[in-house]
Every structure is written in structure tokens, then in C-alpha cells.
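Student:
Numbering (this note's numbering), first residue to last: 6 to 310.
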């Protein structure tokens, strides 16, 4: 039985060494010195293939890192920030989404198998305490039919556990969806980020996100959002160009006329009032119509689009 004791001791020493190495790596993890990177590494870049937000150089990833930095500065912890992103973009935004369905067996079965195997090994291989005139307790004498039966049962049980784990892995792959689903829609992420940035009055960054969304979804709704963001950011010339681009396809677009008229007014263009009157004629019930009427009546600066 000495070689069996030595084998068990070797396994325990190996496991302890592996655990110590893991702890050492964790202690030296640069993420501990850079909390933004540590959190961003757990988020997937929607615009990239297989890259985390921490590693990606895309503008969307840069905006997501800034969101992480802002929330850390507000005192939120890693779990709260991850929940914030999941609420907006779904669990697929995480690099390590929680296991679901049959795949939970991939975690549970090996643990149960390990516990059962350890218990069986102790019961089968533990040397008994010999008593005078009696058989050893907790084990059977070597070479006896009971000993041979115990060893045979141990081998059969080991093969059975391996087969069970393999079967669970195969079944989980067939019954459950892929463990790594496609990332969140980059356009939806860019639009949501732009909206969040606008609520923080960060219109330059919001405009950049709208431009990213336009690369994948070149529609006029996104262009109008971009035009308003550019106007609020103080880039009236770019706002006018974007609004004219929309009006070239839809001459009576109320929002296109509104943002164009306000941008012209900011640049003191003589066409501004005519553009805004045309806006009122096209959309007299628009939410901004009352403010534009007061603006034209008094000649004061608008409160904002």
C-alpha cells in the first residue's frame, strides 16, 4: 500500500502547487493595478471578432472603456458595471456569460464525480487498522476474493465516471446553444452608447458613436441623430451638411428642416428664418414647434433642439 500512499501524496502536492501558481498569477495580474482594464477584459467588443473591450482598438470599445472608467469613478464595483452592460446589451456582451441549461452539467458532473471518486478511493485504498485475531478494518486483505472484487469495482467505477463526463459533454453540445453566441449588434450598441453620452452632455463623443453606427446602417434616422449631436457639440457646419444630406432625399423631413434652420441661425445665415418657417409649415404640431414660434417672434436664441 506504500506506493498508493505515495501516489495520493504526489497528487495532493501537485494540486497545491497549481493552486499556489494560480494565486501568484492573480497577485501579479496587471488588471489589479488597472481596474478599467480588469473590468473591460470581461466585456466583448461588439465590433470585433473574439476581442475584449480591453484589447480592441475600435471606437466602440474606446467608448465602452470610458463608460467603465466613469462608473468606477462614481464608486460602482465590477459586478454593478457588468449588470449595467447586461441590462442594455444582454448577457452576450460578457466574455464569460453564465452557464445555462444542460451546460450546467459540465460544471456539476465533474465536481460530483471528483467527490465520489475521492470517497471511493478512500474506502477502497485506505489501509485498515489490524487487530489481533481479526481482519483489518476499513479494507480487505490483499489477495482475497473480496480484495480482488474491490479493485475490480474501483476500475469499473473509474471507467464509468469518465464515460459519464464524456457523455454529458457530447449531449450538452447537441442540446444547448453554442457557448459563445454572436456578440451584440454593434449598431445597437453604438446607438445606445451615443444616447448615454448625450445624457451626460458629451456630444462630441456621441457624434462619434453615431458616425460609427452610420458605417453599418446608413439610414436617415441615424443621420438626423448625428446632426443634432453635432449641433449641440457646436459644429454647425457639419450639422448643416448632415441635415442637407437628409433633405436631399426627403425635402419635407421635419427634423431635417429643424436642425438645418437652427444650425443656420447659429451661423447667422440669412436663410435661417425661412428654413424654420418651412419647418413650421410642414410640422405645425411638432414638439419643438412652440419653441420655434417664440424664437421667430422674439428673435432670441433657441433653448436647444
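Glycine included, each C-beta is placed from N, C-alpha and C at the ideal position.
Does the distance from the CB of residue 225 to the CB of residue 255 come in under 8 Å?
Tutor: Looking up residue 225 in the chain shown gives position 220. Looking up residue 255 in the chain shown gives position 250. Taking 8 Å as the Cβ cut-off, residue 225 and residue 255 qualify as a contacting pair.
Student: How long is the line joining the alpha carbons of residue 71 and residue 300, rounded to whole angstroms?
Tutor: Along the chain shown, one-based indexing puts residue 71 at 66. Along the chain shown, one-based indexing puts residue 300 at 295. The alpha-carbon atoms of residue 71 and residue 300 are separated by roughly 37 Å.
Student: List the endpoints of the continuous alpha helix (DSSP H) containing residue 261.
Tutor: Residue numbering aside, residue 261 sits at position 256 when the chain shown is read from its first letter. It spans 259-271 - the alpha helix (DSSP H) in which residue 261 sits, taken as one unbroken run.
Student: Which word fits residue 260, buried or exposed, when buried means at least 16 other C-beta atoms lie within 10 angstroms of its C-beta?
Tutor: Taking the chain shown and counting its residues from 1, one reaches residue 260 at position 255. Residue 260 is buried by the Cβ-count criterion.
Student: Taking the straight line between their C-alpha atoms, what separation do you get for residue 258 and residue 252?
Tutor: Mapped onto the chain shown, residue 258 falls at position 253. Mapped onto the chain shown, residue 252 falls at position 247. Near 6 Å, if we compare the C-alpha coordinates of residue 252 and residue 258.
Student: Less than 8 Å between the C-beta atoms of residue 314 and residue 231, yes or no?
Tutor: Since the first residue shown for the chain is 6 and the last is 310, residue 314 is missing from the structure and cannot be characterised.
Student: Check for me: the alpha helix (DSSP H) holding residue 5 runs from which residue to which?
Tutor: Nothing in the structure corresponds to residue 5, since the chain is present only between 6 and 310.
Student: Under 8 Å by Cβ, that's how I've got residue 3 and residue 57 pegged, so tell me the actual separation to the nearest angstrom.
Tutor: In the structure as shown, the chain starts at 6 and stops at 310, and residue 3 therefore has no counterpart that could be examined.
Student: Whole angstroms are fine: how far does the CA of residue 52 sit from the CA of residue 66?
Tutor: Start at 1 with the first residue of the chain shown, and residue 66 comes out as number 61. Start at 1 with the first residue of the chain shown, and residue 52 comes out as number 47. One C-alpha to the other measures close to 8 Å.
Student: Taking residue 250 as the reference, which of 275, 200 and 229 has the closest Cα?
Tutor: Taking the chain shown and counting its residues from 1, one reaches residue 250 at position 245. If we check each option's Cα against that of residue 250, 229 comes out closest.
Student: Ignore the nearest five residues each way along the sequence and tell me which others in residue 191's own chain have a CB closer than 7 Å to its CB.
Tutor: The residue labelled residue 191 in the question sits at position 186 within the chain shown. So the list reads 51, 52, 65 and 221, once near-sequence residues are dropped.
Student: Anyone know if the C-beta pair for residue 270 and residue 277 falls short of 8 Å?
Tutor: If you number the chain shown from 1, residue 270 lands on position 265. If you number the chain shown from 1, residue 277 lands on position 272. It is a contact, given that the beta carbons lie within the stated cut-off.
Student: Going by Cα to Cα distance, which pick from 266, 297 and 286 is closest to residue 241?
Tutor: As a first step, residue 241 is located in the chain shown; it is residue number 236 there, counting from the start. The shortest Cα separation from residue 241 among 266, 297 and 286 belongs to 266.
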